[in-house]
Structures are given as structure tokens and as C-alpha cells.
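Counting from 1 along the sequence shown, just add 30 to a position and that's the residue number in the working numbering.
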Amino acid sequence: MGDETTARRKDAHLDLCATGDVEPAQNSTLLEHVHLIHCAMPELAADEVDLTTPFLGKSLRAPLLVTGMTGGTERAGVVNRDLALLAERHGLAFGVGSQRAMAEDAARTASYAVRDVAPTVALLGNIGLYQAIGLGVDGVRRLSDAIGADGMALHLNAGQELTQPEGDRDFRGGYRVVEALARAFGERLLVKETGCGIGPDVARRLVELGVRNLDVSGLGGTSWVRVEQLRAVGPQAQVGAEFSGWGIPTAAAIASVRAAVAPEVRLVASGGIRGGLECAKVLALGADLAGMALPLFRAQQQGGLAGAEEALKVILTALRQALVLTGSRSVAELRRRPRVVSGALKDWLAAL
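Following this line, the structure appears as C-alpha cells:
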């Protein structure tokens, strides 16, 4: 099946994310500094809460994206199919991990193919910015078409690449590729970070080039710099340890980007979102969708599809409860409710 390097790396990533210390304790989303205001008299029933959200031309039953994480091996294929089936059952969006492995070897396409179990899910393909430079627009389109994706995620991961032993070191020419892909994919393109965050300056530039969907993917959850640090040895591992806390915290990224771009630009907030209350907080700060991967992946690894389903039900129940307890019938109403922003988050937002 051709070069095994990428595939071996994907399984190593899964091993580390399943059991390793990939969330450095010092890293914070800063969502602990976002306080939603309790409404003692909400005057609504839980089943009145409307969580429906448009995304990629489809209507989601809840504003949640199971963010792209893996692919390229048999084990990764099982993860993708289980979590895509879960997203299908609950009306969520789902993204596969980087399709670099199938770009290098078409025989690995099956590990990304989920349409037979998730025929109506809002599905995102995924490729790295610097792989996209080599593939060109037509090559990226072929990756999307091969799995029947509704949209394509272009991921930015300079921090990870610099720490990865076999990673990229040349990051020139990225904006040209984004502009070409934005013309080709239009509303179907999403540009995302991978745990270091997108700030307002980069967000504005991306929107100027035609991008209409952004996933800020901030600091506070899985650190892919830490993942690669754990794979590296010698000086590279030491430098990776220094930078495993590098990035813009998720709460600061989503609030500052929301203030910087037009309302019609759809924003996903991922990076350390671990429960329904945190989903509600990022929605209140301006996200259109919350994104998460690790909690559902670990639940799937520990308890299979049933374990992941149980974890998701807790998340969705908590999200709905947060809206009830703020007196909000919808996400739009939640955004209009008062909230308190304190501590380090205030400092970040002042600087950004």
C-alpha cells in the first residue's frame, strides 16, 4: 500500500490521544472565565429549546461538529465510521481527519468512507494547507468527491509541523492556495486551525480572500504540538516541550474573531470543548457551532459506539439545560443574554 510513513503516524496519534498526556495541564481554553447568567424564572420547557443550525446547506439538529481527527488505517476507519454514524443519528456535522494518507495511496480511501453509515450527515473532508499546495485545486476536489463530502476543511498546523520529526518547514504561499480553494469551493470551504487558534488579523485576511467558514480551534484541548513532542527525540522533543502551550486560547479566539468578521461568516469553536456547558459558552461568545473530538473518541475507544453515544447524550442534555437556565429558546437568544467575562480572558480580548 505504498509509503507506510503517514499511516504509521496516524496510528501513533490515535495511541497517544487515547491514553497519553496530550492536554498539557497548564493550557486553558479560558472558558472558566466566561460566566452565563442564571435565570431563576426561565418560562420555557426544555423541549421548547430549538437547537437547529444550518451548516453546509443542511439543517443540523444541534450546533455541534464532530471535528476531523483521523483516517488512513483500518483502526482509523472504525473510529470514523462509529463517530459518523453517531453524528447521523443525532443530526450533527462530522469531519474526517487529514486525507493525506489517501492522497498518497488511494487504497486507503476506505478508512475515510462513511456515506454508507451516514448518508445524510453534513460531512467535511480534510487536507492540510501545505499538502493542498502540492495537490492543487483539482486534487483537493478529488479528495472531497471521493468520500461524497458536503464541504472541505483546510487545516493549518504550522506548530504541529515544526515539532513533527518528518513535518514541513516551509510555510510560504499559503494565502494563494486559500484564495484558489475559496473560489473553487465557495461556501463549501472551511479553514481551520488545529489547536493553536486563529486570531482576528488572520481571520480578516482569510475572509477577504473569500473564506466563509472558519474553525478557530484554539488552545486548551489536545495539543498537537504535545502529540508530536511525545513522538520526537532529542532537541526536537525539547523544543516541542517549550511550545506545547503555544497558541490563542479558544475563548479568546472565538470572541475576538466574531468581533472581527461579518455576521454571515460562520464560526466553529473547537479546542478543548469537553461538555455541553462549554458548548453553550462558546455559542454565547459568537460561535455558530461547537466542535469536539477527544471526548467522543475516548468514549468510543473505551466503550465502542454505545460508549460514544452515552457521552454524546450527556453533552447534548447539558447544552439544552444551559439554554433553559439562561432563559434562551435558541442560540440566537443565548447570544443576547448577559454574561460575565473575567480574569485572563479580559486581558486577552483587550490585547486582541
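Note that CB positions come from ideal geometry on N, CA and C, so glycine has one too. For clarity, every value in this text was computed on a predicted model and none was experimentally measured.
Residue i versus residue j: straight-line alpha-carbon distance, rounded
| i | j | result |
| --- | --- | --- |
| alanine 289 | alanine 323 | 26 Å |
| aspartate 148 | isoleucine 303 | The sequence shown places alanine at residue 148, not aspartate. Straight-line Cα distance between these residues: approximately 24 Å. |
| glycine 87 | leucine 60 | 32 Å |
| leucine 355 | leucine 165 | 48 Å |
| glycine 32 | aspartate 135 | Bear in mind that the predicted position of glycine 32 carries a pLDDT of just 44, short of 50, making it too unreliable to give a figure here. |
| proline 214 | serine 128 | Checking the displayed sequence, the identity of residue 214 turns out to be alanine instead of proline. C-alpha separation (whole angstroms): 19 Å. |
| glycine 251 | asparagine 57 | 8 Å |
| alanine 137 | glutamine 266 | 32 Å |
| arginine 206 | glycine 333 | 44 Å |
| valine 361 | glutamine 268 | 43 Å |
| aspartate 80 | alanine 285 | 23 Å |
| glycine 240 | alanine 210 | 9 Å |
| proline 279 | histidine 63 | 11 Å |
| threonine 150 | alanine 123 | 10 Å |
| isoleucine 157 | valine 208 | 12 Å |
| leucine 388 | aspartate 200 | Residue 388 cannot be examined here, being either before or after the span of the chain that is shown, 31 to 382. |
| glycine 227 | alanine 233 | 10 Å |
| alanine 55 | glycine 321 | 20 Å |
| glycine 102 | glutamine 161 | 15 Å |
| glutamine 100 | glutamine 331 | Sequence inspection shows threonine at residue 100; the glutamine mentioned does not correspond to that position. Between threonine 100 and glutamine 331, the C-alpha separation is close to 13 Å. |
Helix, strand or coil at residue i [DSSP, three-state]
| i | result |
| --- | --- |
| alanine 320 | strand |
| isoleucine 345 | helix |
| threonine 83 | strand |
| proline 279 | strand |
| asparagine 13 | Because the chain spans 31 through 382 in this model, residue 13 falls outside it and cannot be assessed. |
| glycine 158 | strand |
| aspartate 1 | This structure gives no information on residue 1, because the portion of the chain shown stretches from 31 to 382. |
| histidine 68 | coil |
| alanine 183 | strand |
| alanine 152 | strand |
| glycine 250 | coil |
Contact belief for residue i with residue j at Cβ below 8 Å, rounded distance in angstroms
| i | j | result |
| --- | --- | --- |
| glycine 229 | leucine 249 | Incorrect: roughly 11 Å between the Cβ atoms, too far for contact. |
| alanine 348 | leucine 66 | Not confirmed; about 12 Å, so no contact. |
| leucine 154 | alanine 179 | 6 Å |
| leucine 375 | alanine 281 | 5 Å |
| leucine 184 | leucine 219 | 7 Å |
Cβ shell of residue i (< 6 Å), same chain only, five flanking positions each side left out
| i | result |
| --- | --- |
| threonine 193 | Val255, Glu258, Gln259 and Gly270 |
| glutamate 308 | Leu61 |
| serine 174 | Gly155 and Met182 |
| threonine 83 | Leu90 and Pro93 |
| leucine 315 | Ile284 and Ala285 |
| alanine 176 | Thr139 |
Selection from the options that minimises the alpha carbon distance to residue i
| i | options | result |
| --- | --- | --- |
| glutamate 294 | Glu62, Ser300 and Ala317 | Ala317 |
| arginine 365 | Ala152, Glu340, Leu313 and Ala380 | Leu313 |
| lysine 343 | Phe85, Leu116 and Arg261 | Leu116 |
| tryptophan 276 | Leu297, Glu217, Gly301 and Gly102 | Gly301 |
| arginine 369 | Leu353, Leu346 and Ala380 | Leu353 |
| alanine 114 | Arg105, Ala143 and Glu104 | Ala143 |
| valine 109 | Leu335, Trp378 and Gly189 | Leu335 |
| glycine 306 | Arg296, Gly102, Phe273 and Leu95 | Leu95 |
| alanine 70 | Val371, Asp245 and Gly357 | Gly357 |
| glutamate 217 | Leu244, Gly373 and Val170 | Leu244 |
Own chain, CB closer than 7 Å to residue i, minus 5 neighbours either side, in chain order
| i | result |
| --- | --- |
| glutamate 78 | Arg359 |
| alanine 341 | Pro325, Leu326 and Ala329 |
| valine 52 | Leu46, Thr252, Ser253, Arg256 and Val257 |
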